[in-house]
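Trainee: Here the sequence shown is numbered in the working numbering, starting from 19 and rising by one per residue. Beta carbons: idealized from backbone N, C-alpha and C, even for Gly.
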Amino acid sequence: MFDYLRLSLGLIPLGVYLIVMGFLAMRRRPTLLTSGQEALLLGFALMGFALIGPIELFFPTGAYAALGQWTWLLLVALYGLLVLLFALQRQPGWTVLGLDSQGFRNVLGEILVKGDIEHAWLGNHLQISEWDLQAMIEPSRGFQGVSHLNATGKQRNILGWYQLERLVVSSPLFSQARGATKSPNWVRSLLLIALGGMSLALATYWIDKDMERLQRLISEILMGR
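#1: Just to confirm, are residue 173 and residue 150 a CB contact at a threshold of 8 angstroms?
#2: Less than 7 angstroms between C-beta atoms, sequence neighbours within five positions excluded: which residues of the same chain meet that for residue 109?
#3: Taking the DSSP output, what are the residues bridged to residue 146?
#4: Quick check on the burial criterion: 16 or more other C-beta atoms within 10 angstroms. Buried or exposed for residue 229?
#5: If you reduce the DSSP assignment to three classes, tell me which class residue 170 lands in.
#6: With DSSP collapsed to three states, give me the class of residue 195.
#7: What's the call for residue 75, buried or exposed, on a 16-neighbour Cβ count within 10 Å?
#8: Kindly give me the distance between the Cβ atoms of residue 116 and residue 48, rounded to whole angstroms, as I take these residues to be in contact under 8 angstroms.
#9: Count the other CB atoms, across all protein chains shown, that sit within 10 Å of the CB of residue 152; report buried if there are 16 or more and exposed otherwise.
#10: On the DSSP bridge list, what partners appear for residue 164?
#11: Is it true that the CB of residue 68 sits closer than 8 angstroms to the CB of residue 32?
#12: Got a sec, what are the start and stop residues for the beta strand (DSSP E) residue 140 sits in?
#13: Between residue 58 and residue 106, what straight-line distance do the alpha-carbon atoms span, to the nearest angstrom?
#14: Can you list, in chain order, the residues of its chain whose CB lies under 6 angstroms from that of residue 145, leaving out five sequence neighbours each side?
#15: Can you give me the C-alpha to C-alpha distance between residue 223 and residue 22, rounded to a whole angstrom?
#16: For residue 134, count neighbouring Cβ atoms within 10 angstroms of its own Cβ and tell me buried if that reaches 16, exposed if not.
#17: Nearest-angstrom Cα distance between residue 179 and residue 28?
Shown next, in the form of structure tokens:
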């Protein structure tokens, strides 16, 4: 028999993630997400499924005998550290919501010129020798009005990416770059919000329908069985 209660515990973080991404994609002003931030958001979205899946499956009963209920807290902390490690290991890159590749290229070029940063363009390939930074602007395959700035080359200067991020985010040219796209991704944004709302609604319904079993499940989890 399918366990809807456990599924609902996994759907809650996923639903919140979908709603947040839907609202971010709906904004008319651009939003910049680094590759690390995307990894952290994805880790939060999958946290519920991790708790009811591999973490519960490989629950260390021996550790519970020594540490008691603190074992679950340590496992959640371990999951968070693994997600953080994954985020830190990702190659530098950005996802820009609200600007297509051409619009983002134009805005980024204006910001670099205004900041008196020596740079060179080869198509959509950007090179900033001062920061030892090479990157490529690419359009998003799934969303119109979304672009990516991905690192290229063998050497990647993390400090250079950090300086470029500070320069772009603090620039009024970026925050006020409205109208770079004809319209926000209304259809896809509403679809994400609808899917997120549906996930939360189903989770709430299943939890409310089986509240007593949820209390027993929490008790079993805390007891390590």
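Mentor: Taking the structure as given:
#1: Start at 1 with the first residue of the sequence shown, and residue 173 comes out as number 155. Start at 1 with the first residue of the sequence shown, and residue 150 comes out as number 132. Going by C-beta atoms, residue 173 is nearer than 8 angstroms to residue 150.
#2: Along the sequence shown, one-based indexing puts residue 109 at 91. Correct list, in chain order: 53, 169 and 174.
#3: Walking along the sequence shown from the start, residue 146 turns up at place 128. Bridge partners of residue 146: 151.
#4: For the purposes of this step, residue 229 is taken as residue 211 along the sequence shown, with counting starting at 1. It counts as exposed.
#5: Against the sequence shown, residue 170 aligns to sequence position 152. In this structure, residue 170 counts as coil in the three-state DSSP scheme.
#6: Residue 195 sits at position 177 when you count from the first residue of the sequence shown. Looking at residue 195 - three-state DSSP - the assignment turns out to be coil, as it is neither helix nor strand.
#7: As a first step, residue 75 is located in the sequence shown; it is residue number 57 there, counting from the start. Exposed: under 16 other Cβ atoms inside 10 Å.
#8: In the sequence shown, residue 116 corresponds to position 98, counting from 1. In the sequence shown, residue 48 corresponds to position 30, counting from 1. About 4 angstroms separates the two Cβ atoms, so the contact holds.
#9: As a first step, residue 152 is located in the sequence shown; it is residue number 134 there, counting from the start. So residue 152 ends up on the buried side.
#10: Sequence index remark: in the sequence shown, residue 164 carries index 146 (1-based). DSSP, once it has assigned bridges, lists 115 as partnering residue 164.
#11: Counted from its first residue, the sequence shown places residue 32 at position 14. Counted from its first residue, the sequence shown places residue 68 at position 50. Result no, Cβ atoms of residue 32 and residue 68 do not sit closer than 8 angstroms.
#12: Start at 1 with the first residue of the sequence shown, and residue 140 comes out as number 122. Run containing residue 140: 138 to 140, per the beta strand (DSSP E) assignment.
#13: Translated into the one-based positions of the sequence shown, residue 58 becomes position 40. Translated into the one-based positions of the sequence shown, residue 106 becomes position 88. Each residue's alpha carbon lies about 10 angstroms from the other.
#14: In the sequence shown, counting from the first residue as 1, residue 145 sits at position 127. So the qualifying residues of the chain are 138 and 152.
#15: In the sequence shown, residue 223 corresponds to position 205, counting from 1. In the sequence shown, residue 22 corresponds to position 4, counting from 1. Straight-line Cα distance between these residues: approximately 10 angstroms.
#16: One-based indexing of the sequence shown puts residue 134 at position 116. Per the 10 Å Cβ criterion, exposed.
#17: To locate residue 179, count along the sequence shown from 1; it is residue 161. To locate residue 28, count along the sequence shown from 1; it is residue 10. Each residue's Cα considered, the two are about 34 angstroms apart.
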